[in-house]
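Start counting at 1 in the sequence shown, then tack on 648, and there's your number in the working numbering.
Glycine is no exception: its CB is placed at the ideal position from the N, C-alpha and C atoms.
Worksheet: one structure, shown below.
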Amino acid sequence: MDRLTTVPLRIGEWRLDPQLGQISRGAQVERLEARTLRLLQYLANRPGETVSIEELLDNVWSGVVVTQDSVYQAVTSLRRLLGDDARSPNYIATVPRLGYRLVAPVSPWSDEPPLTLRTPMKTRHKLSIGASVAGALLLVFLVMSGWPGGHSTAPRSVAVLPFLDLTTQEMKEEYFADGLTEEMVNRLAKLPGFRVPSATASFHYKGTGLPPARIAEELGVSYLLDGSLRESGETLRISARLVRADDGFVIWTSSYDVPKSDRVKIQDDIAGRVAQAIDSTVD
649 MDRLTTVPLR IGEWRLDPQL GQISRGAQVE RLEARTLRLL QYLANRPGET VSIEELLDNV
709 WSGVVVTQDS VYQAVTSLRR LLGDDARSPN YIATVPRLGY RLVAPVSPWS DEPPLTLRTP
769 MKTRHKLSIG ASVAGALLLV FLVMSGWPGG HSTAPRSVAV LPFLDLTTQE MKEEYFADGL
829 TEEMVNRLAK LPGFRVPSAT ASFHYKGTGL PPARIAEELG VSYLLDGSLR ESGETLRISA
889 RLVRADDGFV IWTSSYDVPK SDRVKIQDDI AGRVAQAIDS TVD
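Rendered as C-alpha cells:
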C-alpha cells in the first residue's frame, strides 16, 4: 500500500491539509470525511496516472468489504467539494472501464501563488473587452443552435445502452442486439433537438455493470434507453425502456413481438417506433 503524504499539498487551486482533514481555497474551507480524504490523498500520490477501481478498493478501503458503488459515491462527493464537473473535469477525470485520473497539477504547498503571466493594464483592458464580446457572441450562437444551457428546460439528451441478448445462454442473437442498438442511436440522433452520444460511446459501457446514474453522468445525458431480446419459437420479443437519469425512474416502456424474418427490416421498424414514442415522451 502506498504511503500517503501528511504534508500540505497544492492541488489545482485547492490546498489539501491531511492533518486537518480539510481542503481550502481562499476563505472557503471544506471538511473531508476520512475515506474521502484518503481517496484524494491516494490520487494525489499518483497525479496524471490512471488508478483502477480495484486498486482504490484495495488501498483506500483496505480491510473493509464494500462494493464498487462506494468508490463511485466517494468520487462524486469529492468532485462536488472541489467544484468539479465530470463532463469537463479540472480535477478528477473518469477513464471509462479503467478508473480515475487526477488531472490537476499537484505540488507541495507554498504561500506563493502559482506563477501567472502578468499583462499590462491597457492590454488586460482590451483583452477583457474582447473576451466579453466573444462571450456574448458565443452565447448567442449556443442559444440559437439549441445548446441546453441557453434554456431553462431540461435538454433532450438520451444515451442508448447496448441491448441485451437474453434469448439463450450462447447469446446467438447478440449481433442482432448490437445492430438494433446502433439503429436506435441513428434514429434518435435524427430527431429535432435531441443530443445522442455515438454508438461507439454506448458500446464502451457494454458488460461493465456500471450504475446507470454514473453512465449518464459520464455521457452528459438526462435519459438512458436500454432494452433486451427474448425469443419464443419463431417470435422475438424486443423490450425497451426509457429511464430518467437523475432519479432512476422508468418513464416509458414497451414491448414488441416480431417474427424472426427480415432482421434488418425488424431493426429499422422497431427503432423507428421507439424513436417516435420517445420523441413524444421527452419534453
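Burial state of residue i, where buried means 16 or more other Cβ atoms lie within 10 Å
| i | result |
| --- | --- |
| E821 | buried |
| V788 | Legend: pLDDT at V788 = 45, less than 50; position of this residue unreliable, value from coordinates given subsequently. With fewer than 16 other Cβ atoms within 10 Å, it is exposed. |
| E882 | exposed |
| G875 | buried |
| K913 | exposed |
| T829 | buried |
| S805 | buried |
| A932 | Since the first residue of the chain shown is 649 and the last is 931, residue 932 is not available in this structure. |
| T856 | exposed |
Where residue i sits in the DSSP three-state scheme
| i | result |
| --- | --- |
| F824 | helix |
| F967 | Because the chain spans 649 through 931 in this model, residue 967 falls outside it and cannot be assessed. |
| E703 | helix |
| R735 | coil |
| T724 | helix |
| E678 | strand |
| A741 | strand |
| L884 | strand |
| L814 | coil |
For residue i, the nearest candidate out of the options (CA to CA)
| i | options | result |
| --- | --- | --- |
| Q915 | E882, F842, V833 and L872 | V833 |
| L723 | V677, Y748 and V806 | With the sequence shown as reference, residue 723 is identified as Val, and Leu is not the correct amino acid for it. Of V677, Y748 and V806, the residue nearest in Cα terms is Y748. |
Start-to-end residues for the alpha helix (DSSP H) that takes in residue i
| i | result |
| --- | --- |
| G920 | R911 to T929 |
| P859 | Looking at the DSSP string, P859 is not in any alpha helix (DSSP H), and its letter there is neither H nor E. |
| Q689 | A682 to A692 |
Element boundaries [beta strand (DSSP E), containing residue i]
| i | result |
| --- | --- |
| T848 | Taken as a continuous stretch (DSSP letters only), T848 belongs to no beta strand (DSSP E), being part of the alpha helix (DSSP H) at A847 to F851. |
| V713 | Taken as a continuous stretch (DSSP letters only), V713 belongs to no beta strand (DSSP E), as it is neither H nor E. |
| P756 | V754 to P756 |
In DSSP terms, what residue i is bridged to
| i | result |
| --- | --- |
| D874 | R889 |
| V808 | L873 |
| W662 | I659 |
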